[in-house]
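Q: Its first residue numbered 1, the sequence shown is counted upward by one per residue in our numbering. Don't be surprised by glycine CBs; every beta carbon is placed ideally from N, CA and C. Computed from a predicted model, the values in this text were never measured in an experiment.
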Amino acid sequence: MHLPVEVDVVVVGAGAGGLVAAATAAGCGASVTLVERACELGGTATVSIGEFWVPNNVHLRRLGIDDPEADCLALMARLSYPDTYVAESATLGLTQLQYELLRTYYHRASEAAEYLDQIGALHSRISPAAYGDPLGHPEYHSDLSENRVPQGRHLIVDDGDPAFGLRGQAYVRQLSDYLARMGVSIRTGCRVRQVERDGTGRVVAVLADSPDGPLHVTARRGVIFATGGFGHDRNARETFLPGPVDGVAAVETATGDFLRIGQGLGAALANMTSAYLGNAAFELAISQPRIPALIHFPFGDSMMWVDTNGRRVVNEKGVFNDRARAHFDWDATGRRRANRVLIQVFDRVVLDAPGARYPLGPPGELPSHVIAGDSWPELAVRVDERLAQLTANTGGARLGPDFADQIAASVRRFDAFACEGVDLDFGRGGTPIQTCYEQSLHAGLRNPTMAPFTASGPYYAMLIGPAMFDTSGGPAIDTSSRVLDVSGSPIEGLFGTGGCIASPGGAAYWSGGAPIGLALTFGYIAARTATAG
Ligand SMILES: Cc1cc2nc3c(=O)[nH]c(=O)nc-3n(C[C@H](O)[C@H](O)[C@H](O)COP(=O)(O)OP(=O)(O)OC[C@H]3O[C@@H](n4cnc5c(N)ncnc54)[C@H](O)[C@@H]3O)c2cc1C
1 MHLPVEVDVV VVGAGAGGLV AAATAAGCGA SVTLVERACE LGGTATVSIG
51 EFWVPNNVHL RRLGIDDPEA DCLALMARLS YPDTYVAESA TLGLTQLQYE
101 LLRTYYHRAS EAAEYLDQIG ALHSRISPAA YGDPLGHPEY HSDLSENRVP
151 QGRHLIVDDG DPAFGLRGQA YVRQLSDYLA RMGVSIRTGC RVRQVERDGT
201 GRVVAVLADS PDGPLHVTAR RGVIFATGGF GHDRNARETF LPGPVDGVAA
251 VETATGDFLR IGQGLGAALA NMTSAYLGNA AFELAISQPR IPALIHFPFG
301 DSMMWVDTNG RRVVNEKGVF NDRARAHFDW DATGRRRANR VLIQVFDRVV
351 LDAPGARYPL GPPGELPSHV IAGDSWPELA VRVDERLAQL TANTGGARLG
401 PDFADQIAAS VRRFDAFACE GVDLDFGRGG TPIQTCYEQS LHAGLRNPTM
451 APFTASGPYY AMLIGPAMFD TSGGPAIDTS SRVLDVSGSP IEGLFGTGGC
501 IASPGGAAYW SGGAPIGLAL TFGYIAARTA TAG
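1. Would you please state the rounded distance, in angstroms, between the beta carbons of G499 and G228? I believe it to be under 8 Å.
2. Would the beta-carbon of I49 be found less than 7 Å away from any heavy atom of ligand 1?
3. Over what stretch of residues does the beta strand (DSSP E) that includes Y460 continue unbroken?
4. Enumerated in chain order, which unbroken segments of the beta strand (DSSP E) with a length of 3 residues or greater are wholly contained in the stretch 253-341?
5. With respect to 7 Å, is the separation between the Cβ of T227 and the closest non-hydrogen atom of ligand 1 below this value?
6. To which residues of the same chain is T84 closer than 8 Å at the C-beta, ignoring the five residues directly before and after it?
7. Quick check: A226 and G42, are their CB atoms within less than 8 Å of each other?
8. Rounded to whole angstroms, what is the Cα-Cα separation between A526 and F495?
9. Just tell me which of A45, S375, A380 and P515 has its CA closest to the CA of S456.
10. Determine, using beta carbons only, whether R340 comes closer than 8 Å to chain C.
11. State the start and end residues of the unbroken beta strand (DSSP E) segment that holds S124.
12. In three-state DSSP terms, what is R220?
13. Enumerated in chain order, which unbroken segments of the beta strand (DSSP E) with a length of 3 residues or greater are wholly contained in the stretch 167-253?
14. With a cut-off of 8 Å on the beta carbons, I'd call A270 and G473 a contact; round off their distance for me.
15. For A380 and L399, which I take to be in contact (beta-carbon distance under 8 Å), what is that distance rounded to the nearest angstrom?
16. So, D159 versus R153, is the Cβ gap smaller than 8 Å?
17. Rounded to whole angstroms, what is the Cα-Cα separation between L445 and G222?
18. How about A530 and A25: do their beta carbons lie closer than 8 Å?
19. Give me whichever residues DSSP pairs with T33 in a beta bridge.
20. What span of residues does the alpha helix (DSSP H) with G17 cover, start to end?
21. To the nearest angstrom, how far is it from the Cα of A388 to the Cα of R340?
22. Using DSSP's beta-bridge definition, name the partner residues of A372.
23. In terms of residues, what are the limits of the alpha helix (DSSP H) holding V411?
24. Going by DSSP in three states, P432 sits in which element: helix, strand or coil?
25. Are the stretch 326-335 and the stretch 281-294 in contact at 8 Å, needing three or more beta carbon pairs?
26. Would you report the Cα separation of Y171 and W305, rounded to the nearest angstrom?
27. Please work out which residues of its chain come closer than 8 Å, Cβ to Cβ, to L484, disregarding the five sequence neighbours upstream and downstream, and give them in chain order.
28. Return the chain-ordered ranges of every beta strand (DSSP E) run that is complete within the stretch 64-130 and spans a minimum of 3 residues.
29. On a Cα-Cα basis, can you pick out the residue from A109, T435, L265 and D233 that is closest to A254?
30. Answer yes or no: do V20 and V206 have a C-beta to C-beta separation smaller than 8 Å?
31. Can you check whether the CB of L241 is closer than 8 Å to the CB of T273?
32. Taking the straight line between their C-alpha atoms, what separation do you get for D257 and R193?
33. On the three-state DSSP scale, how would you describe F522?
34. Excluding the five sequence neighbours on either side, which residues of its own chain have a C-beta within less than 8 Å of the C-beta of C190, listed in chain order?
35. Checking 8 Å against the spacing of the C-beta atoms, do T521 and Y105 come in under that value?
36. From the DSSP output, in three-state form, read off R482 for me.
As C-alpha cells, this is what we get:
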C-alpha cells in the first residue's frame with residue numbers, strides 16, 4: 001500500500017506528450033508526479049523516429065524562411081477537415097473550436113519547442129534528410145498550393161549526432177534526464193484506472209493500480225492525461241473506426257484507458273473515426289499483437305499494388321495516411337470492402353535488391369508472407385490458395401475470376417507508364433516525398449519510382465492490410481488543453497494531450513512528425529495552463 005501523495009500536477013502516461021507535460025510543469029516550478037503504466041518510460045515515442053512537425057519554427061525564422069500563418073492554416077485545415085474545408089470562409093469551413101485549435105498549433109508549437117530547449121529538457125534541430133539536405137526531407141504535401149514551406153518544418157531531437165536515424169529513444173532520454181534533474185517523482189508500473197472529483201466537480205486526484213497496491217495521488221492544480229490512443233482495444237476499434245485495421249504499431253499499453261475514464265466524466269468525444277493510418281504486411285499484422293512499423297513508402301520500382309481483381313487502385317508511393325484509406329472503400333455490387341486486402345506484386349529484381357526493404361525480409365529470401373509463382377497465372381493460383389486459408393480474417397476475400405488476365409493487363413499499363421515516366425492513373429512519383437527515399441533498382445529510369453517488370457517470371461506477391469500507428473480520437477479539448485464535457489464546458493482540473501484526446505489535427509497527417517508535434521505542443525499548453533492557475 002502506497003502512502004497518499006499530494007503534488008501540484010499529476011501527469012498520466014510517460015510518452016511523447018506526458019514527458020513534455022511533466023517537464024514543462026516542473027520547469028514552471030510545480031511539484032509533479034508522473035504515473036506510467038509500463039515498467040519503462042517512453043510509450044510509443046520510444047519506438048518512433050522522433051520527428052515533430054513545427055510550423056514557423058525558430059530554425060526557419062533564423063534562416064529567414066517565411067511560413068505565413070494564413071497559408072499554413074489553410075494547409076492544415078484542408079488536410080484536417082477535407083469534407084468541410086472552404087478556402088474563402090473566415091474559419092476555413094471549420095467549427096470555431098477546430099479553427100482555433102489549428103491557430104493555437106500554428107502559434108504555440110514553436111513556443112513549446114523553444115521553451116523545452118531553453119530549460120534544457122529537449123534540444124531540437126531540423127531533421128536531416130537521408131541525402132544530406134540541411135533543410136531536411138520534403139513535406140508530405142509540398143505539392144499543395146497552400147504549402148509555402150516545402151522543407152524545414154520537421155524537427156528532431158538534437159543529440160549531437162548529425163546523421164538521420166531513429167531518435168525516439170533520444171527524445172525519451174533527454175526529457176527523462178531533465179525530469180530526474182528536476183526531482184520529478186516517477187511511478188512506473190502504475191495504471192491509472194480512475195480519477196476523483198471534489199464537490200464542485202473538479203478533478204483532484206488519480207487512483208492507480210500498482211504491484212504494491214493502490215496508489216492515490218492528489219493534484220492541487222491539475223491532472224494531465226497523455227495515455228495514448230485505443231489502438232489495442234479491439235472493441236473500441238470496431239466501434240469507432242471506419243473499417244477494420246489489422247496492424248497496430250503503438251505500444252501494447254495503448255488500450256484507450258482515457259477514453260473510458262473520460263466518458264465516465266461526461267467528456268465530449270470527437271475525431272473518433274480517425275487514426276494515423278498506414279499499411280502492413282497482412283499476414284504479419286494478424287499474427288503478432290503489435291507490428292514494429294508500418295509500410296512507410298513501399299520498397300521497389302518494378303512493384304505495384306492491385307486489388308483482388310488485379311487492378312491498381314492507389315498510388316503505392318503516396319503518403320501512408322492517405323494511401324491506407326483505400327482499404328475502407330465499399331463495393332456496392334459485391335456488398336463487401338473492395339480493398340479489404342490489397343496485393344503487392346513485384347519481380348525478381350525487387351526480391352533480390354538490397355536496401356530498406358521492410359517488411360520483405362532479406363534480399364533474395366522468401367519469408368512465409370511472400371508468395372511466389374513462375375508466371376502471372378501461377379502466382380494468381382498461389383495467392384488465391386493463400387487467401388483461402390485466411391478467410392476468417394478477411395471477410396472471405398478471394399481473387400476475382402479474371403485476376404490472372406487482369407493483372408497481365410495492369411502490368412502492361414504500368415510498364416508503359418514506367419517507360420514514359422508518368423503514371424497517368426495515380427501520379428506515382430509525382431511529389432518530392434515520393435522520390436526522396438527511393439532507391440532506384442534500375443538504371444536510367446524516367447520516374448525513379450517506376451520500372452517495367454521483367455518480361456518473364458518468377459513473380460512475387462505479398463498481401464497488404466490496413467494498419468495504424470495509433471488512433472487519434474477521444475475526449476475533446478479546448479485551446480488550453482482542458483478537457484471539455486458534452487455541453488462544451490471545461491471539466492475543471494482535467495487536461496489531455498496526444499493520442500488519448502481528439503486530435504486538434506483532425507484526420508490529417510500534415511507531414512512527418514505531426515503526431516508527436518501535437519502531443520508535445522498540447523502537453524506543453526496543458527502544463528502551462530495548469531501551473532498558471
Ligand atoms: C514505428 C513508429 C514510428 C513513429 N515515428 C513518429 C515520428 O517520427 N513522428 C511522429 O510525430 N510520430 C511518430 N510516431 C507516432 C508517435 O510515436 C505517437 O503518435 C506518439 O508517441 C503518441 O504520443 P502519446 O504521448 O499520445 O502516447 P505514447 O507516446 O504512446 O505514450 C503514452 C503512454 O501512456 C502510458 N499509459 C497508457 N495507459 C496508461 C494508464 N492508464 N496509466 C498510466 N500510463 C498509461 C503508456 O504505457 C505510454 O507509455 C511513430 C510511431 C511508430 C509506431
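A: Considering the structure as presented:
1. Contact holds; Cβ gap of about 4 Å.
2. True, at least one ligand heavy atom lies under 7 Å from that Cβ.
3. Per DSSP, Y460 belongs to the beta strand (DSSP E) from Y459 to T471.
4. Those beta strand (DSSP E) runs which fall completely within the stretch 253-341 and span 3+ residues are 275-281 and 303-306.
5. Remark: the shortest separation between the CB of T227 and any heavy atom of ligand 1 falls under 7 Å.
6. G93 and L94.
7. Contact flag unset, no.
8. Going from the Cα of A526 to the Cα of F495 covers about 6 Å.
9. Of the candidates A45, S375, A380 and P515, the residue whose Cα lies closest to the Cα of S456 is S375.
10. Among the chains of the structure shown, chain C does not appear; only one protein chain is present.
11. Element bounds for S124: S124 to I126.
12. When secondary structure is reduced to three states using DSSP, R220 falls in the strand class.
13. Fully enclosed beta strand (DSSP E) runs of 3 or longer: 185-187, 191-197, 203-209 and 215-225.
14. That pair is a contact at about 7 Å.
15. That belief holds up - the Cβ atoms of A380 and L399 are roughly 6 Å apart, short of 8 Å.
16. D159 places its beta carbon 8 Å or farther from that of R153.
17. Here the alpha carbons of G222 and L445 stand approximately 58 Å from one another.
18. Yes, the Cβ-Cβ distance between A530 and A25 is below 8 Å.
19. In the DSSP output, where bridge partners are listed per residue, T33 has V10 and S185.
20. Counting along the chain, the alpha helix (DSSP H) containing G17 begins and ends at A16 to G27.
21. For A388 and R340, the gap between their C-alpha atoms comes out near 14 Å.
22. In DSSP, A372 forms a bridge with Y460.
23. From DSSP, the alpha helix (DSSP H) with V411 extends over F403 to E420.
24. Helix, per DSSP.
25. Note that the stretch 326-335 does not touch the stretch 281-294; fewer than 3 beta-carbon pairs, one per stretch, sit closer than 8 Å.
26. Here the alpha carbons of W305 and Y171 stand approximately 35 Å from one another.
27. Contacts found: A267, A268, P475, A476, I477, D478, P490 and I491.
28. Within the stretch 64-130, the beta strand (DSSP E) runs of at least 3 residues that lie entirely inside it are, in chain order, 124-126.
29. Checked all of A109, T435, L265 and D233; the closest Cα to A254 is D233.
30. No, Cβ-Cβ distance for V20 and V206 is not below 8 Å.
31. Cβ distance < 8 Å, so T273 and L241 count as in contact.
32. For D257 and R193, the distance between alpha carbons rounds to 7 Å.
33. F522: helix per DSSP, three-state reduction.
34. Apart from the 5 residues on each side of it in sequence, C190 sits with its Cβ closer than 8 Å to the Cβ of V35, E36, R37, A208, D209, S210 and L215 in its chain, given in chain order.
35. The answer is yes: Cβ separation under 8 Å.
36. DSSP places R482 in strand when its eight states are reduced to three.
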